[in-house]
Every structure is written in structure tokens, then in C-alpha cells.
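In what follows, a structure is listed as C-alpha cells, so that the remarks can point back to it.
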Amino acid sequence: MSNASLDWSNLGFGYHETEKRYVSNYKDGKWSEGELTSDPTVTLNECAGVFQYAQTIFEGLKAYRTENGKIVIFRPDLNGERLENSAKRLEMPVYPKDKFVEAVKSVVKANADMVPPYGSGATLYIRPYMFATGPVIGVKPSTEYQFRIFTTPVGPYFKGGAKPITIKVSDFDRAAPHGTGNIKAGLNYAMSLHAIVTAHAEGFDENMYLDPGTRTYVEETGGANFLFVTKDGTVVTPKSDSILPSITRRSLMYVAEHYLGLKVEHRPVRFDEVKDFAECGLCGTAAVISPVGKINDHGKEICFPSGMEEMGPVTKKLYETLTGIQMGHIEAPEGWIYEVC
Ligand code: PLP
Ligand code: COI
3 MSNASLDWSN
13 LGFGYHETEK
23 RYVSNYKDGK
33 WSEGELTSDP
43 TVTLNECAGV
53 FQYAQTIFEG
63 LKAYRTENGK
73 IVIFRPDLNG
83 ERLENSAKRL
93 EMPVYPKDKF
103 VEAVKSVVKA
113 NADMVPPYGS
123 GATLYIRPYM
133 FATGPVIGVK
143 PSTEYQFRIF
153 TTPVGPYFKG
163 GAKPITIKVS
173 DFDRAAPHGT
183 GNIKAGLNYA
193 MSLHAIVTAH
203 AEGFDENMYL
213 DPGTRTYVEE
223 TGGANFLFVT
233 KDGTVVTPKS
243 DSILPSITRR
253 SLMYVAEHYL
263 GLKVEHRPVR
273 FDEVKDFAEC
283 GLCGTAAVIS
293 PVGKINDHGK
303 EICFPSGMEE
313 MGPVTKKLYE
323 TLTGIQMGHI
333 EAPEGWIYEV
343 C
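So, in C-alpha cells, the structure goes:
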């Protein structure tokens, strides 16, 4: 697809095929020299481990066009590190994070004309992933894998962009205690599909999952961490072993403390505290920061003082500072921004 047919400012969060993707195969205990290819299809044996026992993991990050026309990526080393952790947990071979970063840079460079213009509100989403290609029929890890990276230009994850969304407290769990909630495994997302289809059918934008063990603490949504702001301006983010350690959340906590001078707390958050917060948002690569206006707990509504029209004031400052760093008009902390070209 050429970029001429895309209306950058009206892109949703969808798949648009781009010219090049990166592929490396794992066989006989080692990774092949990776290469860029134009072929978007994957042909696998019917018994491949990914089909039988869901041995698949992924990452998500973005490339940004800065104010001065450069293309940069945001903290890809942390995505590489998280993919390493996901691989270890699912008994897959590690794709080394240094090679990961180089591969991400090469695929972005090869699709440079698909990085949306500065100011369009769109970015180039990068999806690295790894899956078991070798045949397995007894329950065990495969011996062969493929690592790929494709890119697709995207707009906001939620349709309204910066408009506050409404979420429901889910009766389903996305992760188990001591399970795989803290890694980026495809199986966690399969777990959340029925819950998100149900939430959408009931008119909600997303689910709030509670801790699967006691259902008294806030966990996260299907694709983002929570961020709350107290009435006295402290930024609070939930901590749990079954939450995915969001790179956006970790970055925002740093920004809150070191750029905005706010107090930050990363701690278990009881669900019964939520009604006392002044602001609520979802944070993640896809979500950036999406403000939450209302939470529905089985018919009982929690309405945040920030309302349904705009982002709360602290959430907005966080949003502007983070995106300012990503788009190059606010100086980034050392090592956060990787220039591609
Ligand atoms: N939580 C879940 C379940 C996710 O899928 C994501 C997306 O990657 C996040 C949180 C946010 O993580 P990050 O900020 O690293 O994109
Ligand atoms: C991301 O933010 O990169 C994710 O992987 C979340 C997914 C729901 C799109």
C-alpha cells in the first residue's frame, strides 16, 4: 500500500500493510541472520506449536515523526527486555535485546514513508512477535520459532481520541495469580476477547479487571495500565504481579516526578479507593493516555470530577509532556529516544 491513499488525520487503530517486514528463524539452537522481506504471509506446518499450544508472544511500540522531520522510536530497549522476559516464561528462545533494537530500527527505516507526518495525530505502530513454528503434539515447547516485525500506521486506539471513555468492572479475569499476566503472551489477549466483546455489546469502551485472587484490587484493562490522580495531585498506579509492566506507565511516573514535580506512588490499589480519585486514565503504547470519565461497577457508577468532556488537568499535563518528549519538542531523559533517520 502507498501512503498516498491514507488520510493520516483520520486513521483508526487498524492494520494497513506496509512494504517491508523483518524475519528471523530459530532452528538447531540458533537464530538465522534476520532479513527484510516484502512477503506479508506466513506458511506453517499444521502441527506448529503456535496453533496447538498458543506459544506466541509479542511487543508493541511506535515510531514518531518529530517536529524537525526526523524519525525516532521510544525506549525500544525496554520492549526488547520485556520480549526476553516473555520468551523465558513461555520456554521460547530469547531474541537478544540488542539485535531486537537493530531489527526494529531497520524495519522502520525500510517503511519510512509510512511514518505519519508530524502533527497528524498518527504514528507508525511496530509489532514485533515470536511464535513456535516447529511441530509439537505432546505438550512441550517447540524447537523451532520465527521472530517477525511488521509496521502499520495507526491513529488513536479509542475512537474519540482524547475524549473520556466509560469502562465496566469485568466479571471475567484476564490473568491468573502466578500466571502470565505480567508478560506479553498472546494467550492473555485470547482470554480477554469474550470480555471485551461483552463490554462493547453492553455499551462500554473497556474493562477494568480486578485481581483474580481476591477481586478487591485494581489490575488493568485488556491493553493498558491504569493511572489515577488523587485530589491532592499525587499520581497513583496499581502494582501487582499479574499486571503487564507498561513502558508508558513507567515513563509517565518518571515524567510526573521529574518533569512535573508531582508525588508518585506505585502500590496495590484497592477498588474501594477508586471512587475517591480525581482523575483516571489508561496508559499504554496504543492507548497513550486515554482519559476515563466513568466506571460502572455492576450498575453503580463512579464518575470522576474531571467529567466526560475533557481530560483531567494532571492527565493532560502528563499527556502533553510525554507526547512532547516523543515528538521531539521537549528534551527527553538520556537514552529514551532512538533516532532512526
Ligand atoms: N497492559 C497490557 C495488557 C498491554 O497489552 C499493554 C500494551 O502493551 C500495556 C499494558 C501497556 O504497555 P506499554 O506501555 O509498554 O505499551
Ligand atoms: C500496545 O499498546 O502496544 C498493545 O500491545 C496493546 C494492544 C491492546 C494493542
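Quick note on numbering: the sequence shown equals residues 3 to 343 in my numbering. The C-beta atom is built at its ideal place from N, Cα and C for all residues, glycine as well.
The alpha helix (DSSP H) with THR317 in it runs from where to where?
-> 315-328
Between ILE198, PRO143, GLU48, which lies nearest to ILE169 when the distance is taken from Cα to Cα?
-> ILE198
Can you tell me where the beta strand (DSSP E) with ASN227 in it begins and where it stops?
-> 227-231
Could you work out which residue in LYS186, ARG176, GLY181 is closest to MET193 when comparing CA atoms only?
-> ARG176
Mind checking SER172: buried by the 16 CB within 10 Å criterion, or exposed?
-> buried
Would you kindly work out how many angstroms separate the C-alpha atoms of ILE327 and GLY36, rounded to a whole number?
-> 31 Å
How about ALA114: is its Cβ closer than 7 Å to a heavy atom in ligand 1?
-> no
Closer than 7 Å: is that where the CB of ALA197 sits relative to any heavy atom of ligand 1?
-> no
VAL110 in three-state terms, based on DSSP | helix
DSSP three-state assignment for PHE279, whether helix, strand or coil | coil
In chain order, what residues of the same chain have a beta carbon less than 8 Å from the beta carbon of GLN148, not counting five sequence neighbours either side?
-> VAL25, SER26, ASN27, TYR28, VAL44, MET132, PHE133, THR135
Check whether the Cβ of LEU325 sits closer than 7 Å to any heavy atom of ligand 2, and report yes or no.
-> It should be noted that the sequence gives Thr, not Leu, for residue 325. Not so, every heavy atom of ligand 2 lies at least 7 Å from the Cβ.
Start and end of the beta strand (DSSP E) containing ARG26?
-> Contrary to the premise, residue 26 reads as Ser rather than Arg in this sequence. Unbroken beta strand (DSSP E) run through SER26: 23-29.
Is the Cβ-Cβ distance between HIS202 and PHE174 less than 8 Å?
-> no
8 Å CB neighbourhood of PHE53 in its chain, flanking five on each side removed = LEU46
Any contact of the region 48-63 with the region 311-322, i.e. 3+ C-beta pairs under 8 Å?
-> no
Looking only at its own chain, which residues have a Cβ that is under 7 Å from the Cβ of MET329, when we skip the five neighbours before and after it?
-> TYR66, THR68, GLU69, TYR120
With burial defined as no fewer than 16 other Cβ atoms inside 10 Å of the residue's Cβ, what is the status of GLU303: buried or exposed?
-> exposed
Have a look at GLY337, ALA334, THR182, MET255 and flag the residue whose alpha-carbon is nearest the alpha-carbon of GLU267.
-> MET255
Assigned exposure category for GLU341 - 16 Cβ within 10 Å defines buried = exposed
ALA50 by DSSP, collapsed to three states: which one?
-> strand
So, using beta-carbon positions, are ASN81 and LEU92 closer together than 8 Å?
-> no
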